[in-house]
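Numbering (our numbering), first residue to last: 213 to 580.
Note that beta-carbon positions come from the ideal geometry of N, C-alpha and C, so glycine has one too.
Heads up: the structure comes next, in structure tokens.
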Ligand code: ADP
Ligand code: MG
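Dropping the structure here:
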């Protein structure tokens, strides 16, 4: 995908408005638990500073405040953390008006979603945010699958470019399915078939094998007539599940669990035989894309499948491994051998939609 990057622009003396994805989780003490998304933006910020920009104005959101101020969703801790990472002052401002008046080199505006107009793709809000800036940079891969004021309207008002992190993330994901080292094995789990079915339709054309676990698998199993008792299921997706299994959308082979760990009458994890079965495919894979935990990993009684599959895919050193998804990343956080994963996508939903559709609303305005 050919995105306009900052290399295509003379940034010297420019005021640069930049959308970033600083939607990090804050612990109970409002300390940042995982700063990967902040670190991800540092190369672009440093590039801009090294090339003599006049000012960088950062726009970000945190959580789902739905248009009202919530102290626990303030970006102030993020401003402080960014300042530490950069070794440089980061001014924190509460309103666009304060932002215009600020003359520090780096400014972070308070949570965009304290204003409900961020999510409604609002022209007036875009004008307020863009006022006084010369160019716009999108460095927020994880928010680019939504058409919002910052991702799609501001680019109508200012010359717009992709940040370096965004470019890398988009190209890595697209390349992994366009010309993958084969076999391409997809591991998909998690809870909602509804959200991932489109992805499976596309992946059945591209992948060699799709291993289905987690809550997802229940719908497939039930669709083939297997009794899953009271397990999580989406009955309105049976037909689609049957079509996928029958190869209506592509030739990928679907592999379903063959045994389970149950909690009463509910399936909560894949069993030992299934782990062995899935592992066989993972060991031979050239490329592995993983999204969705294989069980209810939040309860350690049901995290065995997820942990075992994680270990298998990090043990396959020659394979190119991509992992994405909010809960999937939570499930493997702090695990050993994380560095063996070739690419951890900062945006779960965005990664899935990019694979499914080949583009995202927030990328369209950045195309060359
Ligand atoms: P991601 O955020 O990585 O894309 P999802 O949001 O699709 O993943 O799904 C994560 C959720 O799926 C977790 O909360 C997990 O408990 C749940 N889950 C996994 N397996 C099962 C299962 N067998 N039954 C019910 N829920 C499950
Ligand atoms: Mg999730």
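- Excluding the 5 residues flanking it on each side, residue 295 has same chain C-beta neighbours closer than 7 Å at 301 and 302, in chain order.
- Judged by beta-carbon spacing, residue 457 lies beyond the 8 Å limit of residue 486, meaning their Cβ atoms are not closer than that value.
- For residue 373, the three-state secondary structure derived from DSSP is strand.
- Secondary-structure assignment with DSSP links residue 423 through a beta bridge to 399 and 467.
- In this structure, the straight-line span from the alpha carbon of residue 405 to that of residue 428 is close to 5 Å.
- Separation of residue 376 and residue 538 (C-alpha to C-alpha, rounded to the nearest whole angstrom) is 22 Å.
- The beta carbon of residue 520 sits closer than 7 Å to those of 487, all from its chain and outside the five residues before and after it, given in chain order.
- A Cβ-Cβ contact shorter than 8 Å links residue 573 with residue 357.
- In the displayed model, residue 227 falls within a strand according to three-state DSSP.
- In the three-state DSSP reduction, residue 365 falls in the helix class (H, G or I).
- Ranked by Cα distance from residue 501, the options 314, 422, 544 and 402 are led by 422.
- Relative to the non-hydrogen atoms of the ligand ADP, the Cβ of residue 533 never comes closer than 7 Å to any of them.
- Listed in chain order, the beta strand (DSSP E) elements of length 3 or more contained wholly in the segment 471 to 507 are 472 to 475, 478 to 482 and 499 to 503.
- Contact check for residue 565 and residue 414: beta-carbon distance about 10 Å, past the 8 Å limit, so the pair fails to qualify.
- Per DSSP, residue 552 lies in no alpha helix (DSSP H) segment and is marked neither H nor E.
- Residue 346 and residue 225 have their alpha carbons spaced roughly 9 Å apart.
- Exposure of residue 477 is indicated by the presence of fewer than 16 other C-beta atoms within 10 angstroms of its C-beta.
- Excluding its 5 nearest sequence neighbours in each direction, residue 535 has C-beta neighbours in its own chain below 6 Å: 502, 553 and 556, listed in chain order.
- Every residue with a CB closer than 5 Å to a heavy atom of the ligand MG is listed here in chain order: 538 and 539.
- For residue 509, the shortest C-beta to heavy atom distance toward the ligand ADP is below 7 Å.
- Shown here for residue 452: same chain residues with a beta carbon closer than 6 Å to its own, the five before and five after excluded, namely 409 in chain order.
- Using a Cβ-Cβ distance cut-off of 8 Å, the segment 382 to 392 and the segment 259 to 274 are not in contact, since fewer than three pairs of beta carbons, one from each stretch, lie closer than that value.
- Unbroken beta strand (DSSP E) runs of no fewer than 3 residues, entirely contained in the segment 515 to 554, are found at 532 to 535, following chain order.
- Ranked by how close their Cα comes to the Cα of residue 233, the residues 497, 558 and 277 have 558 in first place.
- In the three-state DSSP reduction, residue 214 falls in the coil class, being neither helix nor strand.
- Taken in chain order, the complete beta strand (DSSP E) segments of 3 residues or longer contained in the segment 267 to 307 are 267 to 271 and 303 to 305.
- In chain order, 288, 291 and 320 place their CB closer than 6 Å to the CB of residue 304, counting only its own chain and leaving out the 5 sequence neighbours on each side.
- Our two residues, residue 543 and residue 368, have alpha carbons roughly 38 Å apart in a direct line.
- Shown here for residue 433: same chain residues with a beta carbon closer than 8 Å to its own, the five before and five after excluded, namely 440, 468 and 469 in chain order.
- DSSP places residue 379 in the helix class (H, G or I) of the three-state scheme.
- Secondary structure of residue 353 (DSSP, three-state): helix.
- Straight-line spacing of the CA atoms in residue 547 and residue 509 works out to 13 Å.
- In this structure, residue 447 keeps its C-beta atom at 8 Å or more from the C-beta atom of residue 215.
- Inclusion of residue 403 in the 7 Å shell around the ligand ADP follows from its C-beta lying nearer than that to a non-hydrogen atom of the ligand.
- Assigned with DSSP and collapsed to three states, residue 319 falls in strand.
- Going by C-alpha positions, residue 454 is about 18 Å away from residue 403.
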